[in-house]
Structures are given as structure tokens and as C-alpha cells.
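Colleague: Under the numbering used here, think of the first position of the sequence shown as 9, with each following residue one higher. In this text, a Cβ means the ideal position worked out from N, Cα and C, and glycines have one as well. All values derive from a computational prediction rather than experimental measurement.
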Amino acid sequence: RGRLIKDVQVAQNAKAGKALALSIDLRLQYLAHRELRNALLEFGAKAGSLVMVDVRTGEVLAMVNQPTYNPNNRRNLQPAAMRNRAMIDVFEPGSTMKPFSMSAALESGRWKSSDTVDVYPGTLQIGKYTIRDVSRSSGPLSLTDILIKSSNVGMSKIAFDIGGQSIYEVMQQVGLGQDTGLGFPGERVGNLPNYREWRKAETATLSYGYGLSVTAVQLAHAYSVLANNGRSTNLSLARVDRKPDSVQVIPENIAVVIQGMLQQVIEASGGVYRAKVPGYHVAGKSGTARKVSVGSRGYRDNAYRSLFAGFGPVSDPRIAVAIVIDEPSQGGYYGGLVSAPVFGKVMAGALRLMNIAPDNLPPAEPVKVETAAVDPLKGGRI
Ligand code: 59J
């Protein structure tokens, strides 16, 4: 307003010799950007986000969004392209929540991974509400099979047995719908509804990922907790050079069992093979969630979010990744089809760039040694 501010002063002296570095790794950021963009173009999707986390340090190694913009060219800049969707947009995470419900089931002591649930006939009536499996199975499914087939009915039956509160507690402990502490301007916390005496339909839908909302960064963090053997480390957008504190929020033995189940989700026959990474064992879960309709009640018939979250290498997890692709419009829309290949490609590149040793190499083939000597000047055999 033309007024002069007189007492401008230094609030805090700069410390000499202290550099501020982002946690973002430019190589991984570029790789993630390229693969997410390619998937959006291939499947004609509206928007997308990818977040990659260093499991041990909580550093955000890559965080990319689509659409995006070139900060060096602000001509024709659309405000919508500047949204850091990974932190400021929330969504229903759908089936990517099933591993946390499974974790609650194992923690209850009432279930082990080989126990089975009858999911026939692929639907379950709760009052006037019907729970449905998209890919119906005939026989009983083990807990691992429930994750592989992504059975909403199987997950719900387990949820009725253990109760909604235990599932709520795991989700809360891994940071879903909670403040990340990143302090990014405009960052959303999402919403994990507080536990009360839930109706059966609410318990069921929470167990397979509806009725709560999260950000992509929270989803990546939650999977990094599973990957870090159940220990939660705060996320950081600045470089971390000391081993950070962590809190055990899922018992280690249970986190390890879930890791193995999520490896099966990718490696079992009929699994999400598009997420595979040559040379490594990786683990993860896809999800396909119908979008809530704005303006009317319920869900839209042909608008989906394709999700994938996972980590690797399974023998000693180092990197967790979450991918959200909004409204694919051509060539398919399942998370296992649209987002899983992005995971596979980004994970393959990241594990190599981070110098992480492969844990799934084929046995070495015997080397054939050429016996005949070669004349270096003339070439050919002597
Ligand atoms: C679905 C839902 C919406 C919300 C259903 C996807 C519910 C539900 C009410 C119908 C497509 C579809 C609270 S599908 O994620 O089950 O990722 O590769 O959106 O179920 O009760 O035409 N995922 N997806 N459900 N809603 N409410 C499967 C599954 C999942 C796959 C494929 C096939 C749904 C294997 C989703 C994937 O695991």
C-alpha cells in the first residue's frame, strides 16, 4: 500500500556451510515422469500421480503429476497443470487397502494366510446393499488368494469376523487419512472416518477401500511401512543423511507375511504379471475403483481410477511406489492393466539406478570358453 516497513531484520542468522537439498532424485523423477506420461497417453487418461519413497529413510525420491507444465516456459500456462495432485488431491483407494485389512486379520490371531473363506457365488447381500466380486471364484479362497483375485466378498467376510475397529487402527497407524508432517502448502489430510459402532456395510466397504479418502503420498507411505517390516518413518521432501527414527506399527512377523502375499499377487499364475521386474522379486496390489459421481448419489458407471502400489526387492525392500491414474478412456481401465506396467518399468529403472542388488537372477549359465587361439594381426583361427 505504499507504506514503508521500517524494522526489517534478520529473524534467524543463516548457518554457514549448510546446504539444503531436496530428497527428489532427478534421475528417478525423470523416469517416473516419462512412464506416467506414456501411460496417460496410451490409455487416454485425464490425470495421474506417482510417488516413490525410500523405504529406509522416508525420503520422497520422485513425485510426479500429470498434466504438468514446464516452469521455464510460462506462456499458455494453465493453473490446473500446476496442481501437485500427489499431495493436494484425495481419492478412494479401493483394493489397495486390502493388505492393511489382511494385516488386521493376521494381528487378530484368528486368521493365518492359508485359512480359507467361501466366496461363492461372488456376491454377498447386506440388507439392501450387495457386495460384488468382479472376477468371481467358485471355491473357497485362501487369504493369499483373496488378495490375488481381489475378492471384495472374501475381504468383507473376514472384516465381519475381526470387526471394523481393528482395520481402522491399522489404516490409521500407517498414516492413511493422517497428517504426513510434510507441511506442503495446500496438502490434504484425507479422511479416515473415526471408529464408532459401524453398520455391517460400512465395515465391509472400509475393508476393501471405500468410505475413506487418501492422497497418493499417503498411499506410498503406507506401503513403505509394509516394506519396512512394519516400521513407520516420517516422510521427508528434504534429503535425509542420518538414519531416521521409526515406530513399529505392524508387528514385524506379520509385515513379512503380507510382503510374501503381495509377492504372490504379482508372481502367482493369474497374478498381476505386468508389474514384474526382471531380476528382482517385487510385491504389490492393484486396484480399480469406480469414481464417485458428483451431483448425484452413488458411483459412476464408466469412470474409474486405476491404482497400483508396491515395493521391492522383496528380500530386503528399499523402494515403495504408488500410482494413481484418473479416468483411463481407451484400451482398458483395470489397475492391473493401466498402472501395473508403470510400476514395473519405474521400479526396474529405479532399482538399477539405486545400485540395489538383484534378488531373482536366473542361475548363471556355464561359460563356453573358445579354445582355438586367434592371431590378433591376421584375425581368424590359426
Ligand atoms: C469395480 C468398486 C465401488 C464402490 C467394480 C471396478 C465397489 C463398491 C461401494 C466394478 C470395476 C467395475 C462402496 S476389478 O479393485 O471391485 O485392479 O486389476 O469400484 O466394489 O462396493 O466395473 N480390480 N475392483 N469396485 N466399487 N463400492 C478389481 C476390483 C479391485 C482389478 C481387476 C478387476 C472393484 C482384477 C471395483 C484390477 O480389486
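Which partner residues does Lys293 have in the DSSP bridge list?
Modeller: Taking the sequence shown and counting its residues from 1, the one referred to as residue 293 is at position 285. Its beta-bridge partners are Ala317.
Colleague: Take Leu359 as the anchor and find which of Asp33, Val16, Ser111 and Gly10 has the nearest alpha-carbon.
Modeller: Stepping through the sequence shown from its first residue, residue 359 is reached at position 351. Of Asp33, Val16, Ser111 and Gly10, the residue nearest in Cα terms is Asp33.
Colleague: Rounded to whole angstroms, how far is the Cβ of Arg239 from the Cβ of Gln226, which I believe are closer than 8 Å?
Modeller: Locating residue 239 in the sequence shown gives position 231, counting from the first residue. Locating residue 226 in the sequence shown gives position 218, counting from the first residue. At roughly 17 Å, the Cβ-Cβ gap does not stay under 8 Å, so Arg239 and Gln226 are not in contact.
Colleague: Is it true that the segment 62-71 meets the segment 22-41, where meeting means three or more beta-carbon pairs spaced less than 8 Å apart?
Modeller: Touching, yes.
Colleague: Do the CB positions of Ala167 and Ile154 come within less than 9 Å of each other?
Modeller: In the sequence shown, counting from the first residue as 1, residue 167 sits at position 159. In the sequence shown, counting from the first residue as 1, residue 154 sits at position 146. No, Cβ-Cβ distance for Ala167 and Ile154 is not below 9 Å.
Colleague: Using the Cα positions of Gln133 and Ala209, report the straight-line distance between them to the nearest angstrom.
Modeller: Start at 1 with the first residue of the sequence shown, and residue 133 comes out as number 125. Start at 1 with the first residue of the sequence shown, and residue 209 comes out as number 201. The alpha-carbon atoms of Gln133 and Ala209 are separated by roughly 9 Å.
Colleague: For Ile156, I'd like the list of residues in its chain whose CB is within less than 7 Å of its CB, leaving aside the five on either flank, ordered along the chain.
Modeller: Translated into the one-based positions of the sequence shown, residue 156 becomes position 148. Hits under 7 Å: Gln272, Val273, Ala276, Gly278 and Gly279.
Colleague: Kindly indicate the opening and closing residues of the alpha helix (DSSP H) around Tyr38.
Modeller: The residue labelled residue 38 in the question sits at position 30 within the sequence shown. Its alpha helix (DSSP H) spans residues Leu34 to Phe51.
Colleague: Specify, as a first and last residue, the run of the beta strand (DSSP E) that Leu58 falls within.
Modeller: Counted from its first residue, the sequence shown places residue 58 at position 50. Note, Leu58: beta strand (DSSP E), Ala55 to Asp62.
Colleague: Mind checking Ala112: buried by the 16 CB within 10 Å criterion, or exposed?
Modeller: If you number the sequence shown from 1, residue 112 lands on position 104. It counts as buried.
Colleague: Can you have a look at Met179 and say buried or exposed, based on whether 16 or more other CB atoms are within 10 angstroms of its CB?
Modeller: Numbered from its first residue, the sequence shown carries residue 179 at position 171. Counting Cβ neighbours within 10 Å, Met179 comes out buried, since at least 16 surround it.
Colleague: Got a sec, what are the start and stop residues for the beta strand (DSSP E) Thr131 sits in?
Modeller: The residue given as residue 131 occupies position 123 in the sequence shown. Here the beta strand (DSSP E) through Thr131 covers Thr131 to Ile134.
Colleague: Taking just the CA atoms, how far does Asp97 sit from Ala163?
Modeller: Looking up residue 163 in the sequence shown gives position 155. Looking up residue 97 in the sequence shown gives position 89. Here residue 163 is Met; the residue named in the question, Ala, does not match the sequence. Approximately 27 Å between the Cα atoms of the pair.
Colleague: Considering Cα atoms alone, identify which of Arg9, Pro349, Ala263 and Ala291 is closest to Arg45.
Modeller: Taking the sequence shown and counting its residues from 1, one reaches residue 45 at position 37. If we check each option's Cα against that of Arg45, Pro349 comes out closest.
Colleague: Any residues whose CB sits closer than 5 Å to a heavy atom of the ligand 59J? List them in chain order?
Modeller: Output, sorted by chain position: Gly102, Ser103, Val142, Ser158, Thr213, Tyr218, Ser294, Gly295, Thr296, Ala297, Arg298, Tyr307, Tyr342, Gly343 and Gly344.
Colleague: Thinking C-beta only, is Ala330 closer than 9 Å to Ala224?
Modeller: Taking the first residue of the sequence shown as position 1, residue 224 is located at position 216. Taking the first residue of the sequence shown as position 1, residue 330 is located at position 322. A contact, by the Cβ cut-off of 9 Å.
Colleague: I'd like the list of long-range same chain contacts for Gly352, defined as Cβ closer than 7 Å, with 5 residues on each side in sequence excluded.
Modeller: Along the sequence shown, one-based indexing puts residue 352 at 344. Contacts found: Arg282, Ala283, Lys284 and Val285.
Colleague: Three-state secondary structure (DSSP) at Ser153?
Modeller: By 1-based counting over the sequence shown, the position of residue 153 is 145. Note on residue identity: the sequence assigns Asp, not Ser, to residue 153. Three-state DSSP puts Asp153 in a helix.
Colleague: Could you work out which residue in Tyr231, Val197 and Gly171 is closest to Arg398 when comparing CA atoms only?
Modeller: The first residue shown for the chain is 9 and the last is 390, placing residue 398 beyond what the model contains.
Colleague: State buried or exposed for Ser145, treating a residue as buried only when at least 16 other CB atoms are found within 10 Å of its CB.
Modeller: Numbered from its first residue, the sequence shown carries residue 145 at position 137. Ser145 should be labelled buried.
Colleague: Are three or more beta carbon pairs between the segment 98-108 and the segment 74-89 nearer than 8 Å?
Modeller: These segments do not touch.
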